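Novice:
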Amino acid sequence: MLLKLLLLLCGQPCEPTGVPVYNVSLATQPPGGHVMEGEKLALVCVATGGTGDITFRWYRGALGLNLGAKTQPSLTAAFEIPAVSEQDTEAYYCAADNGYGPSLSGLVSIAVRIPVSQPVLTSRAPRAPPVVGDAVELHCEAGSGSPPIRYQFFLEDVPLGSSSAPFGGGASLNLSLTSEHCGNYSCEADNGRRAPRSEPVPLCVAVPAADRESPTPPILEGLLGGFGLTVMALFFCCWLKRKVGRRPAKDPPRSPPSPPPREFTYVNATAPVQQQPLYENVNVVSGGEVYSLVYHMQQERRSAAAPSLRTQTQDKDPSAIYSGVKTASSSDDDYEDAI
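Each residue of the sequence shown is one higher than the last, beginning at 1 in UniProt numbering.
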């Protein structure tokens with residue numbers, strides 16, 4: 001009876017005594033499903049539970065292209081792509097099986113991003129060269145790169161502002177120019193991996209002549225104004241004094257009225273002889289020079305009654321000419337000033 005019972009129990013099929021794999025998921029490294037072209041991508045398959053050796057398999061795309069498989073006594077396994085390319089942008093999933101049948105993960109999309117190339121900066125101004133107050137547009141654009149792209153603008157190494165291109169392409173920054181906006185401009189493009197900078201673009205701002213002249217401080221301007229008035233007054237006084245003291249050149253010279261010729265009395269002379277002028281000129285007073293009349297006087301016989309006069313003239317040459325020089329007096333100066 002006991003033997004029949006043992007044979008009955010052994011005749012039934014024996015089932016495995018382990019725990020099936022369950023709750024399988026796929027993670028990526030770097031996380032988030034975003035990876036730059038050329039970087040390493042790791043697909044990590046994780047099971048929450050299961051016993052024994054587990055076989056992990058990875059698949060690509062909706063058609064389930066098998067990428068590889070690993071068997072190990074672990075709940076986690078990873079498959080690596082050493083350097084991804086743009087063609088690796090796809091959906092991925094994995095499966096884990098420890099003999100009870102495969103357990104599948106959900107789909108995970110991987111986006112392979114293209115790094116930005118070196119951007120090019122251009123400036124657009126209403127005139128060349130631009131002047132203070134003009135609106136200038138700075139446009140920065142990278143030839144390649146996955147969006148979104150963030151552009152940063154610089155004057156020398158000083159940030160001016162930033163702008164984003166969420167769908168690719170370039171971005172612009174508008175500036176109202178001042179006198180301080182003269183120098184080398186550049187821009188950077190960044191989409192997550194690196195931020196190359198453009199070549200510098202020089203931009204010089206023309207300053208109007210009125211702005212280049214430094215304004216005179218009010219105090220200095222007042223001092224200069226008062227000094228200028230003083231100098232002008234001094235010049236006017238000097239000019240007026242010289243104007244009064246000098247006769248204009250166009251006025252003809254005038255001479256004061258000549259005094260009547262002086263008459264000489266001769267003792268015992270028969271009759272006075274008419275004076276015959278040898279030189280005659282008009283008395284002209286010009287500055288300190290005085291011109292006078294010169295007369296030649298013929299002497300008569302002197303009477304014996306005037307011995308002293310005869311004695312005084314005996315030693316003199318009878319042909320000598322004597323004249324009186326009239327010098328300019330204060331009355332003449334007054335007369336000239338009156339003219």
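Every residue, glycine too, gets a C-beta built ideally from N, C-alpha and C. Nothing here was measured: the structure is a model prediction, and the numbers come from that model.
May I have the straight-line CA-CA distance separating H181 from G145, to the nearest angstrom?
Specialist: Taking the straight line from one Cα to the other gives about 30 Å.
Novice: Relative to the alpha-carbon of P148, which residue among L121, P159, V132 and I114 has its alpha-carbon at the smallest distance?
Specialist: Per the Cα distances, I114.
Novice: Alpha carbons only, please: which of R127, H34 and Q72 is nearest the one belonging to C45?
Specialist: Checking every option, the nearest Cα to that of C45 belongs to Q72.
Novice: How would you call N191, buried or exposed, if buried means at least 16 neighbouring beta carbons within 10 angstroms?
Specialist: It is buried - the Cβ of N191 has at least 16 other Cβ atoms within 10 Å.
Novice: In chain order, what are the residue ranges of uninterrupted beta strand (DSSP E) at least 3 long that sit wholly in the UniProt domain "Ig-like" (20 to 105)?
Specialist: Counting only runs of 3 or more, we get 22 to 29, 34 to 36, 41 to 49, 54 to 60, 65 to 72, 76 to 81 and 90 to 97.
Novice: Measuring CB to CB, does A42 end up less than 8 Å from A78?
Specialist: Their beta carbons are under 8 Å apart, which means A42 touches A78 by this criterion.
Novice: Give me whichever residues DSSP pairs with residue 350 in a beta bridge.
Specialist: What the structure shows of the chain is the stretch from 1 to 339, and residue 350 is not part of that stretch, so it cannot be assessed.
Novice: Is DSSP giving R242 helix, strand or coil here?
Specialist: It is helical.
Novice: Given a cut-off of 8 Å, decide if V21 and A83 are closer than it, judged by their beta-carbon atoms.
Specialist: Their beta carbons are not under 8 Å apart, which means A83 does not touch V21 by this criterion.
Novice: Might you give, ordered along the chain, the residues of its own chain that have their beta carbon closer than 7 Å to the beta carbon of V19, omitting 5 neighbours on each side?
Specialist: Excluding sequence neighbours, V19 sits near G49, G50 and T51.
Novice: Going by other Cβ atoms of all chains shown within 10 Å of its Cβ, with 16 needed for buried, is L138 buried or exposed?
Specialist: By the neighbour-count rule (16 or more Cβ atoms within 10 Å), L138 is buried.
Novice: Please list the terminal residues of the continuous beta strand (DSSP E) segment that includes P202.
Specialist: It spans V201 to L203 - the beta strand (DSSP E) in which P202 sits, taken as one unbroken run.
Novice: Please report the straight-line C-alpha distance between S85 and G168, rounded to a whole angstrom.
Specialist: About 19 Å.
Novice: Mind checking C204: buried by the 16 CB within 10 Å criterion, or exposed?
Specialist: C204 is exposed by the Cβ-count criterion.
Novice: Assuming the contact rule is C-beta atoms closer than 8 Å, R150 and S172 should be a hit. Round their C-beta distance to whole Å, please.
Specialist: About 14 Å; that fails the 8 Å criterion.
Novice: If you reduce the DSSP assignment to three classes, tell me which class L121 lands in.
Specialist: L121: strand per DSSP, three-state reduction.
Novice: Beta-carbon within less than 6 Å of R193's beta-carbon, same chain only, minus the 5 sequence neighbours each way: which residues are those?
Specialist: Cβ neighbours of R193 beyond the five flanking positions: M36 and P115.
Novice: Here's the rule I'm using: 16 or more other beta-carbon atoms within 10 Å means buried, otherwise exposed. How should N98 be labelled?
Specialist: It is buried - the Cβ of N98 has at least 16 other Cβ atoms within 10 Å.
Novice: Pull up the distance between the alpha-carbon of Y295 and that of M232, whole angstroms please.
Specialist: Low confidence applies to Y295: its pLDDT is 49, below 50, so where it sits in the model is not reliable, and the reading given next is rough at best. Roughly 54 Å separates the two Cα atoms.
Novice: Smallest Cα separation from P200: which of D134, S123 and V131?
Specialist: With distances taken between Cα atoms, P200 lies closest to S123.
Novice: What are the boundary residues of the beta strand (DSSP E) that A111 is part of?
Specialist: Taken as a continuous stretch (DSSP letters only), the beta strand (DSSP E) holding A111 covers V108 to R113.
Novice: What is the DSSP secondary structure of A233, counted as helix, strand or coil?
Specialist: Helix at A233.
Novice: Look up E141 in the DSSP assignment and say whether it is helix, strand or coil.
Specialist: Strand at E141.
Novice: Figure out for me which residue from G170, L177, T178 and S176 has the closest Cα to the Cα of C187.
Specialist: Cα-wise, what sits closest to C187 is G170.
Novice: Please say whether A142 and H34 have beta carbons closer to each other than 8 Å?
Specialist: Contact: no.
Novice: A91 and G133: beta carbons closer than 8 Å?
Specialist: No, they are not a contact pair.
Novice: Grab me the residues of L75's own chain with a C-beta within less than 6 Å of its C-beta, minus the 5 sequence neighbours each way, in chain order.
Specialist: If we look at L75 and ignore the five residues flanking it on each side, its Cβ neighbours are A47.
Novice: By Cβ distance, which residues of its chain are closer than 6 Å to L104, with the 5 residues on each side in sequence left out?
Specialist: Excluding residues within five positions, the ones whose Cβ falls inside 6 Å are A95.
Novice: Is the CB-CB distance between Y59 and Y93 below 8 Å?
Specialist: Yes. Within cutoff.
Novice: Grab me the residues of L65's own chain with a C-beta within less than 7 Å of its C-beta, minus the 5 sequence neighbours each way, in chain order.
Specialist: The residues are Y59.
Novice: In the DSSP assignment, what are the bridge partners of E206?
Specialist: Before going on, a small fix: residue 206 reads as Ala here, not Glu. According to DSSP, which records beta bridges pairwise, A206 is partnered with V131.
Novice: Have a look at Y185 and V136 and give me their C-alpha separation to the nearest angstrom.
Specialist: So the alpha carbons of these two residues sit roughly 12 Å apart.
Novice: Between which two residues does the beta strand (DSSP E) harbouring N184 extend?
Specialist: Taken as a continuous stretch (DSSP letters only), the beta strand (DSSP E) holding N184 covers G183 to D190.
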